[in-house]
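Trainee: Order-wise, the sequence lines are chains P and E.
Take 14 as the starting number for the first sequence in this note's numbering and just add one per residue.
Take 122 as the starting number for the second sequence in this note's numbering and just add one per residue.
We put the beta carbon where it would ideally sit given N, CA and C, even for glycine.
Quick one: this structure, given as structure tokens, is what I'll be asking you about.
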Amino acid sequence: MKLLEVSKISKTYGSGEASVQALKNVSFSVPKGEYVAIVGESGSGKSTLLNMIGALDVPTSGKVWIDGKDTFAMQEKKLTIFRRRNIGFIFQAFNLIPELTVEQNIIFPVLLDYQKPDRAYLEELLGALNLKERRNHLPSQLSGGQQQRVAIGRALLTRPALILADEPTGNLDTRNSNEVIALLQAASKKYEQTIIMITHNRMIAQAADRVLEVSDGVLTDLGGCAE
Amino acid sequence: MKSYLSLIPISAKTRRKQNRLILLCIIFAVFLVTTVFSCAEIMTKGQTEGMIRHHGSHHIVISGLSEAAAEQIAAREDVSAAAWCNSLGEDVYEGYSINDTRVILYGAEQTYIDTIRDYAQEGAFPQNDTEIMLNTGAKERLGVQAGDQVILHLPTGDFSFTVSGFCADEWEEYDSKFEDVSAYISVEAFHRICSASGTDDNSDIDVVNDGKADEKTGYYVRFAKGADIKDAISDLKLRYGLESGAVDENLVTMGAAGASGNLAMQSLYLLAAIVFVLILTAGVLMISSCLNSMVAQRTKFFGMMRCVGASREQVMRFVRLEALNWCKTAIPAGLIASEVFTFALSLILQYKVGGEFDDFHYRFSVIGLASGVLVGVITVLLAAHSPAKRAASVSPVAAVSGNAETGKAVSHAADTRILKVEHALGVHHAAAAKKNLVLMSLSFAFTVALFLVFSAGLSLFNRFMPSENDLSPEISIAAVDSANSLDRGMKEEMTVLPGVESAFGCAVCYGTPAEINGVPGSVDLISYDDWMFQWSKRSVTSGDLHQVSGDTDHVMTIFNRDSRLNTGDTVKIGDTELTIACVCSEGIGTESRPAIVCTEETFLRLTGETDYQMLGIGLAKDAPEETVETIRSMAGENDFVDRREEDQEINSSFWVFRIAAYGFLAVIALITVFNITNNISMSVSARMKQYGAMRAVGMSVAQMTRMIAAEAVTYAVCGLLLGYIVGLFLHRLFMVKLVFTHFGGSWKIPFEPLTVITLIVALSCAAAVRAPARRIREMAITETINEL
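Next up, the structure:
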């Protein structure tokens with residue numbers, strides 16, 4: 014069953030002679046529960062593609078369906094709520110809210126929905142992320158690895174079908190990087206979540222079910238690493 | 122590009138839209154400064170010229186001076202003009218007339234008319250003893266033309282003169298109701314008439330000889346420009362043995378020359394200085410606030426400058442010069458706007474308001490323009506100082522991230538238990554920066570307190586405003602002998618006249634013997650009709666007015682700070698004991714005795730009188746003149762007072778005062794709006810990256826706007842609470858000290874101004890949130906989320 018379908022996505026920045034085509038007619042689909050790594054040179058269009066999938070940016074042409082829903086056909090308000098409930102984001106720069114504690118940061122998407130978080134699941138997440146002791150700490154009181162774990166917690170709390178990670182280990186050392194990837198893989202398996210992750214790290218890419226390469230805006234499916 | 126500073130005009134072109142607010146601020150500051158100083162100059166010059174027209178351009182008048190001494194004074198180098206002018210009958214009518222019209226006679230030298238008074242003339246000044254110059258009004262009053270013969274009638278005989286010309290003298294301008302004639306003859310002819318009538322024309326000022334004449338003699342002296350007037354006067358006194366009383370200073374010209382010790386003139390200079398400082402402060406606050414916001418938004422740019430090797434000093438110079446670069450456009454725009462506004466204002470004041478603003482003729486004010494340019498530049502330089510330092514202090518690494526506050530540690534978390542997350546974050550953003558919160562709260566509190574103080578000031582002025590007091594109506598008729606002799610039927614007849622809005626009548630018995638709380642004394646017993654009681658409802662300060670109805674022993678009193686009668690006090694008139702049931706702050710009565718107001722029935726029982734002592738008639742704006750004439754004829758021999766014109770002038774002046782007061786208040790409110798707008802804007806700029814992440818993880822634009830609104834509301838609520846406390850304290854203090862002490866009444870919470878200022882603050886918040894909310898709406902999430 015396809016969770017994500019990207020159809021003929023193109024993105025052009027600027028116009029006329031100064032125009033730059035960041036993505037060229039990109040199409041692919043990802044089934045539910047698959048762990049996909051996107052690799053490519055800097056400036057190849059990886060982040061642009063991820064932003065299109067997450068509906069953070071609008072393509073020049075093409076469509077994206079998540080769980081059968083055409084994201085770019087949605088109104089801004091509906092899209093925001095859809096993103097909040099169905100997509101989890103993990104950024105290289107963590108992007109935690111400095112005024113909120115670890116626990117508040119994790120439950121932030123639920124707070125935005127004016128709902129109460131599932132306490133049992135929260136406890137389970139805090140335990141899995143090894144953040145129970147740090148739940149009342151502010152982001153400024155955490156290490157980089159801990160901050161990224163909080164960001165993962167935030168991405169997982171709403172049990173989104175799709176998790177988009179843009180170089181989540183880019184700011185972490187090897188030990189923390191391995192921990193973070195292990196956590197993501199475990200979540201993907203346990204909750205049957207689809208993960209699309211941009212990475213420069215070959216080792217991390219090798220652990221993915223499938224690797225996609227973006228070069229000069231063109232996507233090539235490199236298939237499964239095991240293959 | 123010659124240097125890095127060449128970037129300034131290029132940057133200004135590309136950031137035209139963003140710079141609009143700063144330009145507006147500078148234009149507004151320049152406009153304000155230029156307008157205030159231009160208006161002040163126009164007003165001062167207009168008034169001075171008006172006063173000079175009325176009082177002359179001389180600096181001193183010397184009395185009791187000999188001819189020889191006068192000649193010596195006229196020859197002095199520090200004297201630009203000097204002339205004799207003697208008068209007869211200026212204050213006391215002694216029977217001088219032409220064609221039965223009273224004449225004020227002047228014996229003057231031509232210099233007095235031409236130079237000292239600068240009267241506009243038609244024809245010529247008397248060239249010999251047989252010629253006479255009359256004021257222009259005389260042409261119509263006497264029906265004479267230049268060259269006609271007129272007979273000046275004096276108690277001692279008649280003198281024939283030929284009219285040599287006419288002049289528009291002070292009497293023409295000073296009082297439009299002046300119905301007499303002023304006549305100017307040569308000093309020699311004046312001496313001849315004085316000799317014939319037996320007056321001593323060399324006498325001192327205000328000498329009345331045998332009750333026959335009121336003659337003034339004086340030698341008018343105007344000093345040359347640049348002369349040390351104080352020294353010159355001392356020298357004249359010493360040289361000619363003049364006593365202090367012999368030298369009369371003209372305060373207008375002395376004040377204009379800066380030589381007067383007069384307090385009124387000194388107060389004006391002080392007021393101008395205060396306005397200068399206020400506007401300078403306001404301008405610095407506004408522009409500084411805008412520049413700070415601009416710097417916060419361009420952290421990345423300044424950071425890049427630092428990264429590529431610009432020193433702190435170079436960044437500071439860049440910000441200062443950029444601010445000065447805006448002056449190139451903003452100052453001329455402010456000056457033009459100010460001149461247009463001043464021109465329109467002068468037309469309105471001159472033609473619509475009139476009265477004391479008659480002299481407000483538009484003129485090109487060099488002082489206004491110079492101060493606009495000067496204060497504009499100084500303000501911009503002062504305002505740019507702090508933002509320039511701020512820009513220079515941005516660390517290159519933090520700057521490149523576009524987040525000025527990156528790295529600032531948060532000490533405690535936002536409380537999301539009570540408030541929604543977006544509200545909690547907004548409040549936290551405001552409360553986390555303590556210094557900023559205090560400054561913003563003080564800024565709001567200042568506006569609120571000032572507004573309440575102004576409202577107290579206005580309620581004091583309203584007490585003096587005739588249109589606000591219906592018991593001082595447009596037309597009133599008072600019985601000629603102060604007796605209750607106006608027929609009651611007149612009131613009913615007047616009520617039905619077209620254009621009459623209200624008519625009321627009251628009877629008064631002044632100084633009625635009475636025992637006040639058992640102590641013998643006297644009161645003014647006054648009867649009110651139903652309309653007057655109805656009107657009094659609004660000024661009840663204590664007691665129950667409804668008890669004063671029909672034939673009752675309950676009466677009302679008007680607050681009088683000397684007698685201070687209260688409800689429950691008793692006043693015994695004859696055998697009847699009256700009880701004070703109600704105290705009003707406004708009404709009819711005298712200051713000298715307690716005013717006891719009763720119903721017409723009670724008044725009849727106590728005095729046996731049924732007619733009125735005074736009738737008041739309130740007119741509609743479009744009341745026909747025939748109605749006024751009918752009322753005048755109905756008044757007959759009684760005193761008829763028509764206050765329409767006077768009321769109009771006073772009302773106009775009050776309106777000008779109100780507009781000026783509220784205008785000033787609007788400026789203060791505007792500064793608050795600028796402050797909060799820029800603070801919110803800076804706060805948003807500093808957190809742009811964070812907001813991008815919030816949007817990415819699902820915060821909607823509406824939630825984002827509510828978060829910014831919560832921040833603004835936090836500032837506003839803190840400011841309002843502080844402002845309410847300080848403002849209400851000051852309001853009460855002002856009302857008690859200035860209003861209630863003189864007019865009576867008790868302090869109540871002023872809900873109306875409180876509501877108005879709360880609304881203003883709420884609107885300020887809304888305005889402050891609008892622009893940053895738009896920026897967030899237009900923000901590209903992808904640009905911020907992955908930046909370091």
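Tell me which residues share the same chain as F861 of chain E and place their Cβ nearer than 6 Å to its Cβ, disregarding the 5 neighbours each side in the sequence.
Mentor: none
Trainee: Flag I22 of chain P as yes if its beta-carbon sits less than 9 Å from any beta-carbon of chain E, otherwise no.
Mentor: no
Trainee: Report yes or no: is there a C-beta of chain E within less than 9 Å of the C-beta of T207 of chain P?
Mentor: no
Trainee: If I'm right that A509 of chain E touches R441 of chain E with Cβ under 8 Å, what's the distance once you round it to whole angstroms?
Mentor: 5 Å
Trainee: Can you list the residues of chain P that I902 of chain E reaches, using a CB-CB cut of under 7 Å?
Mentor: L69
Trainee: Quick one: give me the first and last residue of the alpha helix (DSSP H) that D301 of chain E is part of.
Mentor: Careful: D301 of chain E lies outside any alpha helix (DSSP H) and carries neither H nor E.
Trainee: Can the beta-carbon of V302 of chain E be found less than 9 Å from the beta-carbon of A259 of chain E?
Mentor: yes
Trainee: Would DSSP call V762 of chain E helix, strand or coil?
Mentor: strand
Trainee: Between the alpha carbons of M677 of chain E and S867 of chain E, how many angstroms are there, rounded?
Mentor: 17 Å
Trainee: Three Cβ pairs or more, each shorter than 8 Å: is that satisfied between the stretch 147-162 of chain P and the stretch 84-92 of chain P?
Mentor: Taking 8 Å as the limit for Cβ pairs, the verdict is that the stretch 84-92 of chain P does not touch the stretch 147-162 of chain P.
Trainee: Please list the terminal residues of the continuous alpha helix (DSSP H) segment that includes V617 of chain E.
Mentor: Note, V617 of chain E: premise wrong, no alpha helix (DSSP H); not H, not E.
Trainee: Residues of chain E with CB under 9 Å from K90 of chain P, in chain order?
Mentor: S821, V822, A823
Trainee: Would G710 of chain E and A716 of chain E be called neighbours here (beta carbons separated by less than 9 Å)?
Mentor: yes
Trainee: Which residue or residues does DSSP assign as beta-bridge partners of F850 of chain E?
Mentor: None, per the DSSP bridge assignment.
Trainee: Assign R343 of chain E to one of three DSSP states: helix, strand, or coil.
Mentor: strand
Trainee: Alpha carbon to alpha carbon, how far is V515 of chain E from N524 of chain E? Give it in angstroms, no decimals.
Mentor: For N524 of chain E, the pLDDT reaches just 47, beneath the cut-off of 50, and the residue's location in the model is therefore unreliable, although a value from the coordinates is still provided. Roughly 10 Å between the two C-alpha positions.
Trainee: Does chain E have any CB closer than 9 Å to the CB of L12 of chain P?
Mentor: Here chain P has residues from 14 to 240 only, and residue 12 of chain P is not among them.
Trainee: Does the beta carbon of E832 of chain E sit closer than 9 Å to a beta carbon anywhere in chain P?
Mentor: no
Trainee: Tell me the residue span of the beta strand (DSSP E) that contains I79 of chain P.
Mentor: 74-79
Trainee: Can a CB atom of chain A be found closer than 9 Å to the CB of E146 of chain P?
Mentor: This model lacks chain A altogether, as its protein chains are P and E.
Trainee: Here's the rule: buried if 16 or more other CB atoms are within 10 angstroms of the residue's CB, otherwise exposed. What is F872 of chain E?
Mentor: Here F872 of chain E is exposed: its Cβ has fewer than 16 other Cβ atoms, across all protein chains shown, within 10 Å.
Trainee: My output table needs one value for Y483 of chain E: the three-state DSSP class, helix, strand or coil.
Mentor: coil
Trainee: Assign I846 of chain E to buried or exposed, taking buried as 16 or more other Cβ atoms, counted over all protein chains shown, within 10 Å of its Cβ.
Mentor: It is exposed - the Cβ of I846 of chain E has fewer than 16 other Cβ atoms within 10 Å.
Trainee: Apart from the five residues just before and just after F761 of chain E, which ones in its own chain have a Cβ nearer than 7 Å to its Cβ?
Mentor: I598, R753
Trainee: Which bits of chain E does E112 of chain P rub up against, with CB to CB less than 8 Å?
Mentor: V531, A534, A535, L546, H549, H550, A553
Trainee: Can you confirm whether E543 of chain E, when its beta carbon is compared against all beta carbons of chain P, has any partner nearer than 9 Å?
Mentor: yes
Trainee: For Q824 of chain E, count neighbouring Cβ atoms within 10 angstroms of its own Cβ and tell me buried if that reaches 16, exposed if not.
Mentor: Buried: at least 16 other Cβ atoms inside 10 Å.
Trainee: So, is T156 of chain E buried or exposed, given that buried needs 16 or more other C-beta atoms within 10 angstroms?
Mentor: buried
Trainee: If we cut at 9 Å on Cβ distances, does V461 of chain E have a partner in chain P?
Mentor: no
Trainee: Can you check DSSP and say which residues form a bridge with E230 of chain E?
Mentor: Per DSSP, none; premise fails for E230 of chain E.
Trainee: By how many angstroms is the C-alpha of L186 of chain E removed from the C-alpha of Y305 of chain E?
Mentor: Looking at the two C-alpha atoms, the distance is approximately 21 Å.
Trainee: Taking only runs that begin and end inside the stretch 158-221 of chain E, name each unbroken alpha helix (DSSP H) of 4 or more residues, in chain order.
Mentor: 188-195
Trainee: Could you give the C-beta distance for L109 of chain P and N118 of chain P, rounded to a whole number, given that I count them as a contact under 8 Å?
Mentor: 5 Å
Trainee: What three-state label does DSSP hand Q117 of chain P in the structure shown?
Mentor: helix
Trainee: If you reduce the DSSP assignment to three classes, tell me which class T251 of chain E lands in.
Mentor: coil
Trainee: Quick check on M14 of chain P: does DSSP put it in helix, strand or coil?
Mentor: Secondary structure at M14 of chain P: coil, using DSSP grouped into helix, strand and coil.
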